[in-house]
Every structure is written in structure tokens, then in C-alpha cells.
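Notes follow the structure.
Residue numbers (our numbering): 72 to 300.
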């Protein structure tokens, strides 16, 4: 009799299976109602944390390549120009006379994706509508025209792939000193040049288009800084 009972496959097994499956589904729904709020909060915290942790793809953060202000007459590796103080209030700077040029070549750290050269460009005394030319790696990246009557410097920035130039006026329309004639108004502008993928070296060049001697008008460079990142 026992063996017959064990081997008997007749009966409504689906009834038991339906009840058991319904119980499992109900338990799952009840569990979701309990934990869904906590899971939503946790997922929000994870999203916030991951959005704040930025992954840097460069080998280093911003590093200083060069910082100089020509104090003590030191011109560093600049080629051309004379370190002097034509305007006492501004201190020593690299000064360019008529049609004089200067250049600087800098080593850029391996892996840098960009480099930024910043410097003060000073238009002194009777700079009257001549053109100063700024170049990077032989590409003209900006030109400047000075007007001593207004004490302003007007920039033209051509479109050069991979190079961005910005200018910030530090001083304009004021006689800062220098020439004994007080009618000459000087100007100081901060120039920043950012070069993408600069390679191992980066060159900067400045050509003065002034037509008179330094005693009458000049172009100056000061407070040079170079960074790479």
C-alpha cells in the first residue's frame, strides 16, 4: 500500500503550486515596499558622490614652468631687449626700442595637454599708433596698437587653431611717469596665451613697431608667468 501511494502521480498538484507561487509574489511585493525608499536614497547618494569625484586623465596638475619680473636686471633666457626701469613706478621690465624684438623658448613638461603664457605688456610714453606683434611658435597670435593720447592699447587676435588669447587692462589713460612731458598717457595690459598640446618646447616672441627711441616711446614686458597642465 505504501509503495502504491508513493508511486501514485494523480492529484491536483497545481493547486498547491499556485498557492505557493502567490505567497512568494506577495512576499516580494511587501519586501519592495519596505526597502524601495532606502534603495532610492542610497542610489542618490552614490550618484552625488561619483559626480563630485572627477578623474584626471593628465599626469599632473597645473605646474609652474616660469615666473619672473626682471628684478635685479635678470633677463633670464630672453633673447633681445634691455632690462631697465623707464617708469619708476613699475620697476624693472624688459624694454624694447624701435623695431626691436625679443624671444623666449621654454621647456614644457612631458604629458602636458596645454600651456599658458601670461605677461604684462606696457605701452610707454608717446607710443602713437605703431603695431606691436606677439607670436607663439612663429604664429602671430595677437597685434596691439597703442594710442598715447587716450592711453589705450587696442588688440587684434587672429583665429589660430589650438591657441586662445585673452587680455585684461590693468592701467590705462594715466601718465605713470617716464617721459618728462606729462601729456603722454601710458597703458598696461595683461596678456594670456593658452596653447593646446604644446609639445616639448614653447616659444614666445614680441616685436616692437615703435619708431622713436626708448627715451620717447617704448614697449615693455613684465611679470611673466608660464604654467602647464
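Where is the CB? At the ideal position from N, CA and C, for every residue including glycine.
Query                                                                                                                                                                                            : Result
Going by beta carbon distance, what residues of the same chain come within less than 6 Å of residue 274, once the five residues before and after it are set aside?                               : 176 and 208
Exposed or buried, which one is residue 251 when buried takes at least 16 other CB atoms within 10 Å?                                                                                            : exposed
Go to residue 261, then tell me how far its beta strand (DSSP E) extends in each direction, as first and last residue.                                                                           : 257-267
Cα separation between residue 167 and residue 278?                                                                                                                                               : 8 Å
Can you list, in chain order, the residues of its chain whose CB lies under 7 Å from that of residue 243, leaving out five sequence neighbours each side?                                        : 222, 223 and 258
Whose C-alpha, out of 197, 269 and 210, is nearest the C-alpha of residue 254?                                                                                                                   : 197
Would you kindly check if the distance between the Cβ of residue 163 and the Cβ of residue 182 is under 8 Å?                                                                                     : no
Report the rounded CA-to-CA distance for residue 241 versus residue 260, giving the unit in angstroms.                                                                                           : 5 Å
On a Cα-Cα basis, can you pick out the residue from 235, 262 and 292 that is closest to residue 269?                                                                                             : 235
To the nearest angstrom, how far is the alpha carbon of residue 189 from that of residue 245?                                                                                                    : 23 Å
Identify, in the order they occur along the chain, each residue of the same chain with its Cβ nearer than 8 Å to the Cβ of residue 272, setting aside the five sequence neighbours on each side. : 176, 177, 178 and 179
Looking at residue 262: is its Cβ nearer than 8 Å to the Cβ of residue 238?                                                                                                                      : yes
Around the C-beta of residue 148, are 16 or more other C-beta atoms found within 10 angstroms, so that it is buried, or is it exposed?                                                           : exposed
Can you tell which of 267, 265, 276 and 256 has the C-alpha that lies nearest to the C-alpha of residue 194?                                                                                     : 256
Could you compute how far the alpha carbon of residue 173 sits from the alpha carbon of residue 158?                                                                                             : 20 Å
Rounded to a whole number of angstroms, what is the C-alpha to C-alpha distance between residue 265 and residue 100?                                                                             : 59 Å
Does the distance from the CB of residue 136 to the CB of residue 297 come in under 8 Å?                                                                                                         : yes
Need the endpoints of the beta strand (DSSP E) that residue 205 sits in, please.                                                                                                                 : 199-207
Helix, strand or coil for residue 162 per DSSP?                                                                                                                                                  : coil
Please classify residue 284 as buried or exposed, where buried requires at least 16 neighbouring CB atoms within 10 angstroms.                                                                   : exposed
Measure the C-alpha to C-alpha separation of residue 132 and residue 192 and round it to an integer number of angstroms.                                                                         : 28 Å
What are the boundary residues of the beta strand (DSSP E) that includes residue 241?                                                                                                            : 234-245
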